[in-house]
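Below is one structure, written out as structure tokens; comments come after it.
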Amino acid sequence: MNMPLKVALSGFGTSGGARLAGYRSVAGAEVVAVVDPGEQARARAAQLLDGGRVFGSLEELLASPTGAAPDVVDICSPPVFHVPQTRAALAAGAHVICEKPVAVTGEEARGLVELARSRGRLLFPFHNYGTSPVMRELSTAVEEAGIGRLESAVFRILRDRHARGVAGFAPDWRRSRELAGGGILLDHGTHCVYMALRLFGRPPKQVSCTVGRAGGDPAAVDEEARLRLDFGDSHCDIELSWTSGVRSNHYSVHGSGGWLRIDDGVVESAAGGSTHRRNLVSPSKDQTHLEWFPPMYREFRGVLADPVSWHRPATEIVETARVVECAYASAAAGGPEVPL
Numbered sequence: 001m002n003m004p005l006k007v008a009l010s011g012f013g014t015s016g017g018a019r020l021a022g023y024r025s026v027a028g029a030e031v032v033a034v035v036d037p038g039e040q041a042r043a044r045a046a047q048l049l050d051g052g053r054v055f056g057s058l059e060e061l062l063a064s065p066t067g068a069a070p071d072v073v074d075i076c077s078p079p080v081f082h083v084p085q086t087r088a089a090l091a092a093g094a095h096v097i098c099e100k101p102v103a104v105t106g107e108e109a110r111g112l113v114e115l116a117r118s119r120g121r122l123l124f125p126f127h128n129y130g131t132s133p134v135m136r137e138l139s140t141a142v143e144e145a146g147i148g149r150l151e152s153a154v155f156r157i158l159r160d161r162h163a164r165g166v167a168g169f170a171p172d173w174r175r176s177r178e179l180a181g182g183g184i185l186l187d188h189g190t191h192c193v194y195m196a197l198r199l200f201g202r203p204p205k206q207v208s209c210t211v212g213r214a215g216g217d218p219a220a221v222d223e224e225a226r227l228r229l230d231f232g233d234s235h236c237d238i239e240l241s242w243t244s245g246v247r248s249n250h251y252s253v254h255g256s257g258g259w260l261r262i263d264d265g266v267v268e269s270a271a272g273g274s275t276h277r278r279n280l281v282s283p284s285k286d287q288t289h290l291e292w293f294p295p296m297y298r299e300f301r302g303v304l305a306d307p308v309s310w311h312r313p314a315t316e317i318v319e320t321a322r323v324v325e326c327a328y329a330s331a332a333a334g335g336p337e338v339p340l
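Just so we're aligned, residue 1 is where the sequence shown starts under UniProt numbering, counting upward by one.
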């Protein structure tokens, strides 16, 4: 584990470019190849790679001589490519880090997890909000019982538009069902779901959801979503919007003995009869949140070194996909509770 891992990036748009910068900011990793079907992206990667190789497809990379094979394939492409590229990389014997959502359905996720297990390789989700300052604050309040038993949580993520991609590909791919697979529920909702799973320590019993689509067009991707994760004796409410006209982030957890609330860069809490208010470094407006990469990569290396723990990210991948899948099923039916 002291040798740097050879990493190949599959996809070199906004996320892929940020990932290259991220790997260069940490010890123990070397990006040796970039895959992208776009000529502009490959040219940009070739200028930045310092001798690394570029390929037009993942198949081309994986067919390279054995000595050039990467240890890790980091999949940074749009969601529609995640499942087939993860399958190909695992089958070729590489560990995989995959951008969210790793899979769109529980069945797809379980298939990938089983393939990783059969090949003896780690499948790790790029769930970078899990190492964000916000998540650390929420986790501390819950895990150290500062607020008592967790009873409810609220996540409200408001944006004035979707995050755009690079001009050389399809900058608005997040609004393309063919490329994104879904809208804001699949995109930012995935972050909120795995954060809730970590805070509550288990999957919800049932999910309910409603969505709003551009112009009410049923063929358009969802640009607004409201969902509730029902854990039986507790719940998490999530509100998401690409059309709010503002950019803001609200997270709060409420327990039997107190609460903690984060509004952008301000943390407020109450417990034991006293209240506190302080400033927190707010999430950067850079959609890649590059500053969160080092702790996430350390987490990946720690899990990689301990195969007994590989089931943890695998379980999170499956449970996250299943919750989002049930949320879409609820929305399609008008918002009823859908059991997991």
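Just so you know, even glycine gets a beta-carbon here, dropped at the ideal spot from N, CA and C. Small disclaimer: the values here were computed from a predicted structure and weren't measured.
- Secondary structure of Glu316 (DSSP, three-state): helix.
- If you draw a straight line from the Cα of Glu316 to the Cα of Val281, it comes to about 27 Å.
- In the DSSP assignment, the residues bridged to Ala8 are Ala33 and Val73.
- The DSSP-derived three-state label of Gly215 is helix.
- Here Asp217 is exposed: its Cβ has fewer than 16 other Cβ atoms, across all protein chains shown, within 10 Å.
- Boundaries of the beta strand (DSSP E) harbouring Glu151: Leu150 to Leu158, taken from the DSSP string.
- Assigned with DSSP and collapsed to three states, Ser208 falls in strand.
- In the structure shown, Glu99 falls within a strand segment according to DSSP collapsed to helix, strand and coil.
- The C-beta of Asp160 has fewer than 16 other C-beta atoms within 10 Å across all chains shown, which makes the residue exposed.
- By the criterion of a C-beta distance shorter than 6 Å, Arg53 is surrounded in its chain by Ala33, once the five residues flanking it on both sides are discounted.
- Put simply, the backbone Cα of Gly334 is about 20 Å away from that of Arg177.
- For the 8 Å CB-CB criterion, Val113 and Val318 form a contact.
- In this structure, the alpha-carbon of Leu123 lies about 33 Å from that of Arg213.
- Straight across, the Cα-Cα distance linking Leu62 with Ala92 is about 7 Å.
- In this structure, Tyr251 is the residue among Ala94, Pro4, Tyr251 and Met3 with its C-alpha nearest to the C-alpha of Pro133.
- For Val303, the enclosing alpha helix (DSSP H) stretches over residues Phe293 to Leu304.
- For the pair Gly189 and Tyr328, the Cα-to-Cα distance works out to about 11 Å.
- Annotation for Glu337: no alpha helix (DSSP H) segment contains it, and DSSP assigns it neither H nor E.
- For the pair Val80 and Pro171, the Cα-to-Cα distance works out to about 15 Å.
- Counting only residues of its own chain and dropping the five nearest sequence neighbours on each side, Ser269 has a CB closer than 6 Å to the CB of Leu260 and His276.
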